[in-house]
Amino acid sequence: MNLYALTIIVLITMVLIINIKSTRVIYLKSLILPAVCMFFILLLIIFSDTAVKSAGSGLNLWLNVVFPSLFPFFVVSEILYRTGFIKAIGILLEPIMRPLFNVPGCGSFAFAMGITSGYPVGAKITASMRDEKLLSKIESERLLSFTNNSGPLFIIGAVAVGMFRMPELGLLLLVCHILSSITVGILFRFYGRSNRNREFRDDKKLWTRFKKEVIHNSKQKLNPGTILGEAIRNSINVMLSIGGFIILFSVIINILIEIGFISSLSAFVSQLLSPLGISREMISAILSGFIEMTTGTSMISKAASTTLQGQLAAVSLLLGWAGLSVHFQVYSIVSKTDISIKPYLIGKMLQGVFAAIYISIALRLPFTAPLIAKSVLSVITPFSNFTWYNALIYSAQNVFISFIILLILTAISLVFYFIRCIFKTFLGRSMG
């Protein structure tokens, strides 16, 4: 440590000592955040070169990949809320979403957009639905627990091809990720109070309710210019917030690696987990991914001391968990509502565990070896010459795919509904 850094530390220590002595009562809780901020500023001064490079890397990632990839999703979702489309189609999707996930049919929109876009689109849509009173507090927390997922662009493009150089694994990782999300959603249907009365009411006169909602929306006087302007303005505000978190956590994780915090913590954890045979290199990668997913997955792909099965299980764990960087983005979005973040965090931990289990099972199946993973969600290759324009086109295509998924879910839901109606009619006649 150079003389300049040592002088800064001494001066800050002296200021703290003087302030502590002049204060009779010290409220430690109120001092934690300022102390952390001061320590972080100190690290920025000492490791200024690392901070600048990592901030530039985070800014480049946000501007060239994240912004063009997510911006169309946010704009489209904002427009659809204001036109009433989500509420109308949600009525038709009640017969499949309510029995499976115990959420209203409009939750299918968050699910479809979540699996085709990436973090944190699912959280943004869920929070908007809560603002529009389309979901109750409990339903919002159920929906949030499984709809905020990593997108195919990152899983297939960045992880399978960019990091592992094995495109044949991309689709397998994506399928396991989606299956683990659905598993969490089914488990969380039991979270909170029962909605049996609402479920019975929603099952009656489905088509009539849908037509009434469509007629009601058609009578609304909507200004397309106003709707588009508000959608763009709100979406840009969210994107700026996401960009700030990406840059901040890019700096944090690189500084933690630079000062040796991650390596010291991994050395301690490796002693505890030594009976399991997990290498220190892998533990260090997982701890890094716990904070920032991209950094952790990249480190795992380079862990030569671990088998491919172990690497993919660890990567699936991190993809399901998403990292503190994503969770703070989600928290900033839902903090304006009454949605609790705790069920979401539990759901993400479970999703990571299930994803790791599913990929471990899938790799043992005989038909997984010859898989050639090509993104079923686009016709372009998202990992070669991935420019700003390509990212925007890819995102627009995935918006279209989201609507296709909604149409498929609607068709399935209507089939279930008519089968249930026929069954009830037949049962009523037989009882009579």
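For the sequence shown, my numbering gives the first residue as 747, with consecutive numbering after it.
Just so it is clear, CB atoms sit at the ideal spot from N, CA and C, and this is done for glycine as well.
Please read all numbers here as calculations on a predicted model, not as lab measurements.
Alpha-carbon to alpha-carbon, residue j and residue i
i	j	result
leucine 1008	leucine 1002	Reading the sequence as shown, one finds isoleucine at residue 1008 and not leucine. For isoleucine 1008 and leucine 1002, the distance between alpha carbons rounds to 6 Å.
methionine 912	leucine 1153	33 Å
leucine 974	serine 1010	51 Å
alanine 1049	glutamate 1027	6 Å
phenylalanine 793	alanine 801	12 Å
leucine 919	phenylalanine 934	23 Å
alanine 797	leucine 807	15 Å
tryptophan 1067	glutamate 959	38 Å
serine 1062	tyrosine 827	33 Å
glycine 853	isoleucine 835	10 Å
histidine 962	leucine 777	53 Å
methionine 875	proline 841	19 Å
serine 987	proline 866	11 Å
alanine 869	isoleucine 1079	7 Å
leucine 1018	isoleucine 1151	45 Å
isoleucine 1085	methionine 843	20 Å
isoleucine 1168	phenylalanine 847	23 Å
phenylalanine 946	leucine 915	Note that phenylalanine 946 scores a pLDDT of 42, beneath 50, so its modelled location is shaky and nothing firm can be said.
serine 710	isoleucine 1103	Here the chain comprises residues numbered 747 to 1178, so residue 710 is not present and cannot be evaluated.
leucine 1065	valine 812	16 Å
serine 1187	threonine 1083	Nothing about residue 1187 can be reported from this structure: the residues present for the chain run from 747 to 1178 only.
arginine 955	valine 782	54 Å
serine 981	proline 1089	25 Å
phenylalanine 1164	leucine 838	11 Å
arginine 942	proline 780	In this prediction, arginine 942 scores a pLDDT of 49, lower than 50, which makes its location untrustworthy; no coordinate-derived value is stated.
glycine 908	serine 1047	10 Å
asparagine 810	alanine 1060	27 Å
Proximity to residue i [Cα-Cα], best of the options
i	options	result
phenylalanine 991	Phe785, Ser803, Ile792	Ser803
isoleucine 998	Phe900, Ala1101, Thr1041	Thr1041
leucine 925	Thr893, Thr954, Asn980	Thr893
alanine 1013	Ser1030, Arg935, Ser1148	Ser1030
alanine 858	Asn1144, Gly989, Val1076, Val1080	Asn1144
glutamate 1038	Asn1000, Leu790, Leu1054	Asn1000
glycine 830	Phe855, Asn810, Pro818	Phe855
leucine 890	Pro850, Ile1087, Ile1158, Ile1165	Ile1087
serine 882	Ala906, Pro850, Ala1101	Pro850
leucine 917	Leu899, Ile932, Phe1074	Leu899
glycine 1093	Asn895, Ile825, Ile791	Asn895
glycine 989	Gly1023, Val1076, Ile928, Ala904	Val1076
Buried versus exposed, by CB contacts within 10 Å (16 or more), residue i
i	result
histidine 923	buried
proline 845	exposed
leucine 968	exposed
threonine 862	buried
phenylalanine 1129	Its pLDDT being 46, under 50, phenylalanine 1129 is placed unreliably by the model, and the measurement read from it follows with that caveat. Classification of phenylalanine 1129: buried, given that the 10 Å Cβ count is 16 or more.
tyrosine 1135	exposed
threonine 1133	exposed
valine 1161	exposed
glutamine 1097	buried
glutamine 1057	buried
phenylalanine 936	exposed
phenylalanine 910	buried
arginine 888	buried
DSSP three-state assignment for residue i, whether helix, strand or coil
i	result
glutamine 966	coil
methionine 912	coil
phenylalanine 1162	helix
serine 927	helix
lysine 1048	coil
leucine 1019	coil
cysteine 852	coil
glycine 1098	helix
proline 818	helix
leucine 933	helix
asparagine 1136	helix
serine 768	Any reading at serine 768 needs caution, since the residue's pLDDT is 48, under 50, leaving its predicted position unreliable; the model's value is listed next. Coil, per DSSP.
asparagine 1144	helix
proline 845	helix
asparagine 894	coil
proline 780	helix
glutamate 1027	helix
phenylalanine 1169	helix
arginine 942	With a pLDDT of 49 at arginine 942, under the threshold of 50, the modelled position of this residue cannot be trusted; read the value that follows with caution. Residue state, collapsed to three classes: helix.
serine 794	helix
threonine 972	helix
glycine 830	coil
glutamate 840	helix
valine 1110	Valine is not the amino acid found at residue 1110; the sequence shown has arginine there. Three-state result, arginine 1110: coil.
alanine 873	helix
proline 866	coil
Cβ-Cβ separation, residue j to residue i (assumed contact under 8 Å), whole Å
i	j	result
lysine 833	leucine 880	6 Å
serine 1194	serine 823	No statement about residue 1194 is possible, as the shown extent of the chain runs from 747 to 1178 and does not include it.
valine 930	phenylalanine 1100	7 Å
serine 1025	threonine 1053	The Cβ separation is near 10 Å, so there is no contact.
glycine 938	glycine 897	Wrong, their Cβ atoms sit about 28 Å apart, outside the cutoff.
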